[in-house]
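Presented below is the structure to which this report refers.
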Amino acid sequence: MNHLSFYWLPDNNQLLLKGLETEFAQLVEQSISTGKISLPPIPEVVLKIQKLCTLESTGIAEISECLLQDPGLTAVVIRVANSVVFNRRNITCTDLNTAVSRLGIFRVRDIVTAQAIEQLKHTANLKKECNTVLVNSATTSRQLGATMVMIANMYKSLDDEGRFEYLEPEKALLIGLLADIGLFCLVNEYHLYLDRGNYLDYDLAMQIFQSRCPITSQLVLKQWGFDSDFLEVATNKSLGQSDKLVSYLDIARMANHLLLFRNNDEAIEDHHVEFDVTGAEVLYELSNLSDGEFQSKINRIVRATAF
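The sequence shown lines up with residues -6 to 300 when you count with the numbering used here.
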């Protein structure tokens, strides 16, 4: 058996990383499987709504009643229901039941979860390095979500035959915002790991975050009842045959490609994305926007979501 110090030799570095990754995977998966997901505290109302959405008997009244326990989230749901992205008919609603009815109970669940996670990314009381990771994640997820909205909207605007009528820009936004939700579990476990007196080099931890985030995100989203569109984007993998011309996974991959291109990221050389003729037109139009125009569109979408 190798002495622990030997793990730091170049030949054994991967063994160390794999061992630590396995340990973190077990810690996180145990938390998820027992319902004690290792996230910083999420409002109780959000967890109740997630549970209610797993019951077939749940309706608008039950969700509205639950939301009333948290005036802050109630205000968020009404505000989002009236936002440009979610209010397609441009009809203002002022009461909660109407807002929930307009959005639907599952979309309300998506909204309050995304809102809670976005807030926690900026307010989590963890170590400085952990907070930095989460704040950067918040920026990245907003950019991804907004770019997915942009692409979904352009697909629909170029559609004269109703082929892409099923695409929902608001769902694309929420999928983007929640794609890396598993990062919270990993960062929180790292924080607890250090608090217990252990030591783990930050650069090694970042490698673990990167390698484990997709599967951890899938586990959390599946536990909370999110559909396959959310799971596919979180893992960047198709979960089966789809009869849709363009999936949300396709849109996410296109959005990521655009952001890599905009950021002059070298990773774009290894990033391949498939798209149809309409997709080629979408990418051409968005790629030819100036940096200022593109960022302006991103900012308008983020403001329009009312998050």
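Note that the Cβ used here is the ideal one computed from N, Cα and C, for glycine as well.
Predicted model only: the values in this text are computed from it and were never measured.
- DSSP state of E161, grouped into three classes? Three-state DSSP puts E161 in coil, outside helix and strand.
- Can you list, in chain order, the residues of its chain whose CB lies under 8 Å from that of L193, leaving out five sequence neighbours each side? Taken in chain order, the residues that qualify are L13, Y183, Y186 and L187.
- Query: If you draw a straight line from the C-alpha of V73 to the C-alpha of I104, how long is it?
  - Reply: Taking the CA atoms as reference points, V73 sits about 8 Å from I104.
- Query: Grouping DSSP H, G and I as helix and E and B as strand, with all else coil, what is L119?
  - Reply: Reduced to three states, the DSSP call for L119 is coil.
- With DSSP as the reference, label K237 as helix, strand or coil. Secondary structure at K237: coil, using DSSP grouped into helix, strand and coil.
- Task: Report, in whole angstroms, the separation of the C-beta atoms of L66 and F79, which I expect to be a contact under 8 Å.
- Result: Contact flag wrong, Cβ pair sits at about 15 Å.
- Message: Check for me: the alpha helix (DSSP H) holding Q62 runs from which residue to which?
- Response: Premise fails: Q62 is in no alpha helix (DSSP H) and is neither H nor E.
- Message: Between the alpha carbons of A92 and R102, how many angstroms are there, rounded?
- Response: Distance between the alpha carbons of A92 and R102: 13 Å.
- Return the CA-CA distance between E55 and V70, expressed in angstroms with no decimal places. So the two alpha carbons sit approximately 15 Å from each other.
- If you draw a straight line from the alpha carbon of Q324 to that of Y277, how long is it in whole angstroms? The chain is shown from -6 up to 300; residue 324 falls before or after that span and cannot be answered.
- Query: To which residues of the same chain is L127 closer than 8 Å at the C-beta, ignoring the five residues directly before and after it?
  - Reply: Once the five neighbours on either side are set aside, the close Cβ partners of L127 are L113, K114, H115, A117, L119, L176, F177 and V180.
- Query: Can S76 and A299 be called in contact, C-beta distance under 8 Å?
  - Reply: Yes, the pair counts as a contact, with Cβ atoms nearer than the cut-off.
- Query: Is it right to say H265 is buried, meaning 16 or more other beta carbons lie within 10 angstroms of its own, or is it exposed?
  - Reply: Exposed, by the Cβ-count rule.
- Query: Helix, strand or coil for H265 per DSSP?
  - Reply: Correct three-state label for H265: coil.
- Message: Beta-carbon within less than 8 Å of F254's beta-carbon, same chain only, minus the 5 sequence neighbours each way: which residues are those?
- Response: In chain order, I261 and S280 place their CB closer than 8 Å to the CB of F254, counting only its own chain and leaving out the 5 sequence neighbours on each side.
- Message: In the DSSP assignment, the alpha helix (DSSP H) including A260 goes from what residue to what residue?
- Response: Element bounds for A260: n/a, residue is neither H nor E.
- Simplified DSSP assignment, three categories, for S231: Taken through DSSP and simplified to helix, strand or coil, S231 comes out as coil.
- Query: alpha helix (DSSP H) containing I208: first to last residue?
  - Reply: In the DSSP assignment, I208 falls within the alpha helix (DSSP H) that extends over Y195 to Q216.
- Item | Ranges of the beta strand (DSSP E) found wholly within the stretch 75 to 121, counting only runs of at least 3 | Entirely contained in the stretch 75 to 121, not one beta strand (DSSP E) run reaches 3 residues.
- Query: By the 10 Å Cβ neighbour count, where 16 or more other Cβ atoms means buried, how is R100 classified, buried or exposed?
  - Reply: By the neighbour-count rule (16 or more Cβ atoms within 10 Å), R100 is buried.
- Task: Kindly indicate the opening and closing residues of the alpha helix (DSSP H) around E37.
- Result: Start and end: E37 to L45.
- Span of the alpha helix (DSSP H) around Y277: It spans V270 to S280 - the alpha helix (DSSP H) in which Y277 sits, taken as one unbroken run.
- Task: Could you tell me if L214 is buried or exposed, where buried requires 16 or more neighbouring beta carbons within 10 angstroms of its beta carbon?
- Result: Buried, because 16 or more other Cβ atoms sit within 10 Å of the Cβ of L214.
- What separation, rounded to the nearest whole angstrom, lies between the Cα atoms of M(-6) and R189? At M(-6), the pLDDT of 34 sits below 50, so the modelled position is not reliable; the number obtained from the coordinates is stated separately. Within the model, the alpha-carbon separation for M(-6) versus R189 is close to 26 Å.
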